[in-house]
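Each position in the sequence shown, counted from 1, maps to that position plus 63 in this note's numbering.
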Amino acid sequence: QWACSPHAESWTDPEFVRRSGDYRHSGCLPCHAPDPLLERPDEETPELRDRDRKHGVDCHACHAVGCGYAGTFESRGAHPVTTDGGRLSRPSFCGSCHQQELDQYESLYLTSLGDGERPESCVDCHMPMRYERVTQGHLLSYIHPRRPIRDHSMPTWTEESIRKAIQIEGPEFDPPGEGSGQTAPKTEGDRALAVRFLLTNRGAAHRIPTGRYGPSKLRIAVELLDAEGAVISGDETSLSGRRNRGLAPG
Numbered sequence: 064q065w066a067c068s069p070h071a072e073s074w075t076d077p078e079f080v081r082r083s084g085d086y087r088h089s090g091c092l093p094c095h096a097p098d099p100l101l102e103r104p105d106e107e108t109p110e111l112r113d114r115d116r117k118h119g120v121d122c123h124a125c126h127a128v129g130c131g132y133a134g135t136f137e138s139r140g141a142h143p144v145t146t147d148g149g150r151l152s153r154p155s156f157c158g159s160c161h162q163q164e165l166d167q168y169e170s171l172y173l174t175s176l177g178d179g180e181r182p183e184s185c186v187d188c189h190m191p192m193r194y195e196r197v198t199q200g201h202l203l204s205y206i207h208p209r210r211p212i213r214d215h216s217m218p219t220w221t222e223e224s225i226r227k228a229i230q231i232e233g234p235e236f237d238p239p240g241e242g243s244g245q246t247a248p249k250t251e252g253d254r255a256l257a258v259r260f261l262l263t264n265r266g267a268a269h270r271i272p273t274g275r276y277g278p279s280k281l282r283i284a285v286e287l288l289d290a291e292g293a294v295i296s297g298d299e300t301s302l303s304g305r306r307n308r309g310l311a312p313g
């Protein structure tokens with residue numbers, strides 16, 4: 064799971080290499096190959112580790128504590144695993160590097176919740192529960208039982224997450240009453256027809272899109288179909304996550 068995640072490529076991703084000036088911008092580097100986060104207070108920016116940077120945000124970065132590791136299940140061995148006390152699932156732990164998202168979580172998402180409504184954490188969306196073996200990738204892993212674990216592929220923008228995060232209302236046509244969500248409206252000649260949709264962030268605990276660095280755009284495309292399903296017309300636009308222009312929670 065981790066090997067195909069954005070965390071695994073955080074140091075070697077070509078876009079990061081380019082934007083960091085081939086690793087010359089020192090302020091960008093620590094979060095792409097951090098030292099053990101559990102050995103620092105939550106929200107404190109990590110230091111850049113001095114070895115194995117090519118592995119990016121690896122197991123050691125998030126789970127290492129001294130000579131052992133912290134995780135969901137205890138184990139014994141050369142590097143024993145102790146049960147995590149809850150820090151790994153806290154938004155403030157992720158906020159050590161994802162600082163903008165943590166700010167939005169605290170200032171926008173938590174304040175939008177109703178009385179008695181349980182707040183979700185980062186891992187609820189980006190590390191959904193899977194029924195899998197804790198160890199993977201070698202023969203001995205098959206002797207371990209399948210258990211409920213968090214998905215370490217870190218899905219960020221999947222069909223499942225889109226449906227959970229964004230509510231789409233519409234379409235509405237201008238002039239009203241000339242169309243519905245099932246069939247294309249009739250038009251007279253080449254008269255322009257305005258189609259309106261309302262997009263609301265109902266499921267993400269931060270703006271959509273978000274992110275201070277790198278690509279941060281939500282592409283919105285609309286196609287108008289005839290009764291046979293052929294495309295008559297279409298248009299598209301994009302929403303930038305820069306300067307707090309993304310869809311706020313609520």
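Think of the CB as a built atom: it goes at the ideal place given N, C-alpha and C, for glycine as much as any other residue.
In this text the structure is predicted, and so the values were computed from the model without any measurement.
Query raised in the report: Would the beta-carbon of Thr146 fall within 9 Å of that of Phe156?
Result: no
Query - Spatial neighbours of Ser296 in its chain, beta-carbon cut-off 7 Å, leaving aside the 5 residues before and after - result: Leu287
Requested in this report: Answer yes or no: do Ser68 and Met217 have a C-beta to C-beta separation smaller than 9 Å?
Outcome: yes
Query raised in the report: What span of residues does the alpha helix (DSSP H) with Gln162 cover, start to end?
Result: 162-167
Query raised in the report: According to DSSP, is Arg81 helix, strand or coil?
Result: helix
Report task. Give the secondary structure of Asp115 by DSSP, where H, G and I count as helix, E and B as strand, and everything else as coil. Result -> coil
Query - Continuous alpha helix (DSSP H) stretch holding Pro234: start and end - result: It is not in any alpha helix (DSSP H) - Pro234 instead sits in the beta strand (DSSP E) that spans 229-237.
Query raised in the report: How many angstroms separate the CA atom of Ser175 from the CA atom of Glu102?
Result: 32 Å
Requested in this report: Examine the Cβ distances between the segment 227-239 and the segment 204-213 and report whether three or more of them are shorter than 8 Å.
Outcome: no
Requested in this report: Can you tell me the Cβ-Cβ gap for Val120 and His70, rounded? I've got them flagged as a contact below 8 Å.
Outcome: 4 Å
Query raised in the report: How big is the Cα-Cα spacing for Glu129 and Arg116?
Result: Residue identity check: residue 129 is Gly in the sequence provided, not Glu. So the two alpha carbons sit approximately 19 Å from each other.
Report task. Using three-state DSSP, classify Tyr172 as helix, strand or coil. Result -> helix
**Report entry** Cβ shell of Gly277 (< 8 Å), same chain only, five flanking positions each side left out
**Finding:** Glu78, Phe79, Arg82
**Report entry** Glu72 in three-state terms, based on DSSP
**Finding:** coil
**Report entry** Outcome for Tyr172 when other beta-carbon atoms lying within 10 angstroms are tallied against a minimum of 16
**Finding:** buried
Query raised in the report: Should Phe260 be labelled buried (16 or more other beta-carbon atoms within 10 Å of its own) or exposed?
Result: exposed
Query - Neighbour-count burial assignment, Pro272, 16 or more Cβ in a 10 Å radius - result: buried
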